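Have a look at the structure below before the remarks.
Protein chains in written order, with the numbering used here: chain A, 1 to 124; chain B, 1001 to 1395.
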């Protein structure tokens, strides 16, 4: 198994890493038993995601997909962000080994869960 | 940037003397050892010298050494070979939950053929109790297979005690000694061993060669069929250069054993002391004292093993998360699970296995790099943040 250069770049230099002060939406997915936990935070202005950050416990692919998905959503309208699929995250990273595709699924779920949380907060 | 290789339980670099011995054979002695003309005979003589070396190391007779393609083949041969020879006598095998997959998956294959297998539990250190072995014996038991030293955590099993139990109950006893051969003293008679697997590439020989010790009188059938080589138990033209290299590697390792094992243990203990002093929330996996000299398996809480391995690789350090054979698998290590370590903890386990090329400088470098790597990964680990918050609230 080998990671692409892009995966290694995002693993070595994760983008948008860290906690976010008063986020508008938080997505928490995964569990420690599986060895992967992702937390994704978004800041929304109007209908646009203006900032995204993450904290992740997991393998190289889990860290790289978290980093990539935050890069992909920044500046996107919420409707557009919802169209981001796990395959798109994996593709943006130059592909993932097959046994690591679940990490990209986790990244997609984290994003959807953060947007869901944002909608709930808007209604609540 | 120099490379620091601390994954010697996965495989080892070939010793220069071994390479030279093998190169000599590759250049001149290409004859088939079964032939009568001189180059065949020379190859035969070289191979038999290696057999003598192995017999001497194990306290065995030369006829009891069967060369194979490696540890996996030796384990398969022992388990399937004995099972087939004794199937009229019984259908039960005793092994443990911490064995190498070469043993575990052989046993699972036999289960599919109708055999019954007991997978013994271990204590928190990965050690099997000989009393548990004895309790598991039934009139149907024909084979006990318990490893000598564990590849992932280094725990040394009470092989001599298990050998006594096996002998008292007249059950054939196999031990997978792939991690201990040449490193720990072994005497097959004193330890009551009927079959023993070893591999060359774990002791600075090459990949693709191993041996199975088979005590005279042990009921065993071949699992490969062909010519008369290796007493017809392992037909096929022998890997002469590999075998000669294996013999050389074993001879050199045993000659320096006491000094080298003490050196490895000192370095390993300094590494562990340094980790304990510089990194919080860690634990030792494996037996505190009954452990291979070069093996240190550490659990780092709140981080995942693979991300540590990739980060260490950035600094030229090669270590392992879980065992090399399972590093592509996503399941937590079966050895750590058997030791009662929950999955959320075993995901953060790293194995450092030292070898003859490691020096104190490598330990210095590891102790310089490792705390930074773990701290960096923890800095964006959500469960570590949660832990810190909980600690704050509690105090």
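In this text, a Cβ means the ideal position worked out from N, Cα and C, and glycines have one as well.
None of these values were measured; they are calculated from a predicted model.
Listed by position along chain B, the residues whose Cβ is nearer than 8 Å to that of residue 39/A are 1382.
When DSSP states are grouped into helix, strand and coil, residue 1132/B belongs to the helix group.
Residue burial is scored here from C-beta neighbours: residue 1287/B has at least 16 other C-beta atoms within 10 angstroms and is therefore classed as buried. A straight line joining the alpha-carbon of residue 1019/B with that of residue 1149/B spans about 27 Å.
The continuous beta strand (DSSP E) containing residue 1283/B extends over residues 1282-1285.
Annotation: the continuous alpha helix (DSSP H) that includes residue 1024/B extends over 1016-1027. Using a CB distance cut-off of 8 Å, residue 1387/B does not count as an interface residue toward chain A. Residue contact with chain A for residue 1302/B: present (Cβ-Cβ distance below 8 Å to some residue of chain A).
For residue 1351/B, the enclosing beta strand (DSSP E) begins and ends at 1349-1353. Excluding the 5 residues flanking it on each side, residue 89/A has same chain C-beta neighbours closer than 6 Å at 65, 68, 69, 104, 107, in chain order. Every alpha helix (DSSP H) of 4 residues or more that sits fully in the region 22-89 of chain A is shown, in chain order, as 60-73, 78-81. Taking the Cα positions, residue 1370/B is about 43 Å away from residue 1110/B. By DSSP's assignment, residue 1184/B forms a beta bridge with 1181/B. Between residue 1152/B and chain A, the shortest Cβ-Cβ separation is not below 8 Å. Per DSSP, the continuous beta strand (DSSP E) segment holding residue 1174/B begins and ends at 1172-1176. Inter-residue distance for residue 1041/B and residue 1029/B is about 9 Å (C-alpha atoms, whole angstroms). For the 8 Å CB-CB criterion, residue 74/A and residue 110/A do not form a contact. Taking the Cβ atoms as the reference, residue 1363/B lies roughly 17 Å from residue 1300/B, outside the contact range of under 8 Å.
For residue 1347/B, the nearest CB of chain A lies under 8 Å from its own CB, placing it at the interface with that chain. The count of Cβ pairs closer than 8 Å, one atom from the region 1074-1091 of chain B and one from the region 1217-1232 of chain B, reaches three, so the stretches are in contact.
Measuring C-alpha to C-alpha distances from residue 118/A to each of 61/A, 49/A, 93/A identifies 49/A as the nearest. Non-local C-beta neighbours of residue 62/A in its own chain, meaning closer than 6 Å and more than five positions away in sequence, comprise 36, 56, 103, ordered along the chain. Within the region 1305-1324 of chain B, contact with chain A at the beta-carbon level (separation under 7 Å) is assigned to 1306, 1307, 1310, 1314. Remark: three or more beta-carbon pairs, one from each stretch, lie closer than 8 Å, so the region 1157-1168 of chain B and the region 1190-1209 of chain B are flagged as touching. The Cβ atoms of residue 1359/B and residue 1202/B lie no closer than 8 Å to each other. Relative to the Cα of residue 1213/B, the nearest Cα in the group 1166/B, 1338/B, 1178/B belongs to 1178/B. C-alpha of residue 116/A to C-alpha of residue 78/A: approximately 10 Å in a straight line. DSSP, read as helix, strand or coil, puts residue 118/A in helix. Note on residue 1058/B: 16 or more other CB atoms within 10 angstroms of its CB, so buried under the neighbour-count rule. For the pair of segments examined, the region 1052-1067 of chain B was found not to touch the region 1110-1126 of chain B: the number of CB pairs separated by less than 8 Å stays below three. For the region 6-30 of chain A, the beta-carbon criterion of a distance under 8 Å to any beta-carbon of chain B is satisfied by 8, 11, 12, 14, 17, 18, 19, 28. Contact annotation: the region 1138-1152 of chain B touches the region 1092-1099 of chain B, with at least three C-beta pairs closer than 8 Å. Between the alpha carbons of residue 1108/B and residue 1099/B lies a gap of roughly 12 Å. DSSP places residue 1142/B within a strand segment (E or B) once states are collapsed to three. If you check each beta-carbon in the region 1256-1280 of chain B against every beta-carbon of chain A, none falls closer than 9 Å.
Beta-bridge partners of residue 1291/B (DSSP): 1155/B.
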